[in-house]
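In terms of the working numbering, the numbers along the sequence shown are unbroken and rise by one, the last being 183. Written out below as structure tokens is the structure these notes cover.
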Amino acid sequence: MTKPNLLLELYSNLSTTGALTFSSKALVKKMVSQADLKGAKLIVEMGGGDGSITQGIVDEMDSSAELLVFEINTSFCEAMEKQFPQENVHIINASADELNAYLKGRKADFIFSSLPFSLIPKDVVDSILKQANAALVEGGAFIQICYSYLLKNLFQKYFKKVSISFTLKNLPPAFVMACKD
Ligand SMILES: C[S@@+](CC[C@H](N)C(=O)[O-])C[C@H]1O[C@@H](n2cnc3c(N)ncnc32)[C@H](O)[C@@H]1O
Numbered sequence: 003m004t005k006p007n008l009l010l011e012l013y014s015n016l017s018t019t020g021a022l023t024f025s026s027k028a029l030v031k032k033m034v035s036q037a038d039l040k041g042a043k044l045i046v047e048m049g050g051g052d053g054s055i056t057q058g059i060v061d062e063m064d065s066s067a068e069l070l071v072f073e074i075n076t077s078f079c080e081a082m083e084k085q086f087p088q089e090n091v092h093i094i095n096a097s098a099d100e101l102n103a104y105l106k107g108r109k110a111d112f113i114f115s116s117l118p119f120s121l122i123p124k125d126v127v128d129s130i131l132k133q134a135n136a137a138l139v140e141g142g143a144f145i146q147i148c149y150s151y152l153l154k155n156l157f158q159k160y161f162k163k164v165s166i167s168f169t170l171k172n173l174p175p176a177f178v179m180a181c182k183d
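So, in structure tokens, the structure goes:
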């Protein structure tokens, strides 16, 4: 899928994508820099989209690490499967709400998310964040990009510490919230 087609898919599904454009390289860099991926064994991404964050993670993770990417849009999944043919990158065409079913008892070192939480039903948000918290290894982190500072209140209900950084180099400017227990 070409970049214009990916963008068209994004606009055509605003109620589930929640964004007018994909994350910039600067935002991806800021997000990935919140995690020390050296030595991480299992990494999860929620809301793969065009694979922009996926690429940032793949560039930094060890070749022995495994990455699970959840994405509900089938067209995005097909494009990411072509972009990431590596055996250790698994594109999962399912909701992030199915995290436990795919982890099968394993724990993740880091979970990166660009899910549009303000558009997802409250019970599903609750289920995703509870599963994410329980799925992390000790010292692990749930790292979320968002366009509103107010989402901090949501993450504070599930995680003890939320550290926030910000970049203007994205449309719109965005926050990165690194959540830990
Ligand atoms: C704001 S876009 C971000 C896309 C890309 N990761 C980026 O940063 O530009 C959010 C993505 O989350 C996906 N999404 C929405 N709800 C989801 C869910 N419950 N589980 C997995 N993916 C979901 C959308 O289809 C969309 O691709």
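We put the CB at the ideal spot given by N, CA and C, even for glycine. Model, not experiment: these values are computed from the prediction.
Practice problem: Could you pull out every unbroken alpha helix (DSSP H) segment of at least 4 residues lying fully inside the region 9 to 78, listed in chain order? | Solution: Entirely contained in the region 9 to 78, the alpha helix (DSSP H) runs reaching 4 residues are, in chain order, 16 to 19, 27 to 34, 54 to 62.
Quiz item: Should PHE119 be listed as close to ligand 1, given that the test is whether its C-beta is under 7 Å from any heavy atom?
Solution: No, ligand 1 has no heavy atom inside 7 Å of this Cβ.
Quiz prompt | With 16 other Cβ atoms within 10 Å as the buried cut-off, status of ALA67 | solution = The residue in question, ALA67, is buried, as its Cβ has 16 or more Cβ neighbours within 10 Å.
Quiz item: Would PHE72 pass as a contact of MET48 if the rule is Cβ separation under 8 Å?
Solution: The answer is yes: Cβ separation under 8 Å.
Quiz item: Hey, would you say the C-beta of ASN75 is under 7 Å away from at least one heavy atom of ligand 1?
Solution: Yes, Cβ of ASN75 sits closer than 7 Å to a heavy atom of ligand 1.
Quiz item: Where does GLN85 sit, in a helix, a strand or coil, going by DSSP?
Solution: Note: GLN85 maps to helix in three-state DSSP.
Quiz item: Roughly how far, in whole angstroms, is the beta-carbon of GLY58 from the beta-carbon of MET82, given that I think they are within contact range, below 8 Å?
Solution: At roughly 13 Å, the Cβ-Cβ gap does not stay under 8 Å, so GLY58 and MET82 are not in contact.
Quiz prompt | Nearest-angstrom Cβ-Cβ length linking MET63 and LEU39, presumed shorter than 8 Å | solution = Contact flag correct, Cβ pair sits at about 5 Å.
Exercise. Within its chain, find whatever has a CB closer than 7 Å to the CB of ARG184; leave out the 5 residues flanking it on each side and keep chain order.
Key: Residue 184 lies beyond the range of the chain shown here (3 to 183); nothing can be said about it.
Quiz item: Where in the region 80 to 163 do unbroken runs of the alpha helix (DSSP H), each at least 4 residues long, occur, reported from the N-terminal end onward?
Solution: Taking only runs of at least 4 residues, the alpha helix (DSSP H) segments lying wholly in the region 80 to 163 are 101 to 105, 124 to 137, 153 to 158.
Quiz item: CA-CA distance, PHE177 and PRO87?
Solution: For PHE177 and PRO87, the distance between alpha carbons rounds to 30 Å.
Quiz item: Thinking C-alpha only, which one of LEU153, THR4, ILE113 is nearest SER77?
Solution: Comparing Cα positions, the closest option is THR4.
Quiz item: Can the beta-carbon of VAL91 be found less than 8 Å from the beta-carbon of LEU117?
Solution: No. Outside cutoff.
Exercise. Could you tell me whether the Cβ atoms of PHE161 and LYS132 are closer together than 8 Å?
Key: For PHE161 and LYS132, no; Cβs fall outside 8 Å.
Practice problem: Within 10 angstroms of the Cβ of ASP125, are there 16 or more other Cβ atoms? Answer buried if so, exposed if not. | Solution: By the 10 Å Cβ count, ASP125 comes out exposed.
Exercise. Check whether the Cβ of GLY41 sits closer than 7 Å to any heavy atom of ligand 1, and report yes or no.
Key: Not so, every heavy atom of ligand 1 lies at least 7 Å from the Cβ.
Quiz prompt | Backbone CA spacing between ASN95 and GLN158 [nearest angstrom] | solution = Using only the alpha carbons, I get a separation of about 28 Å.
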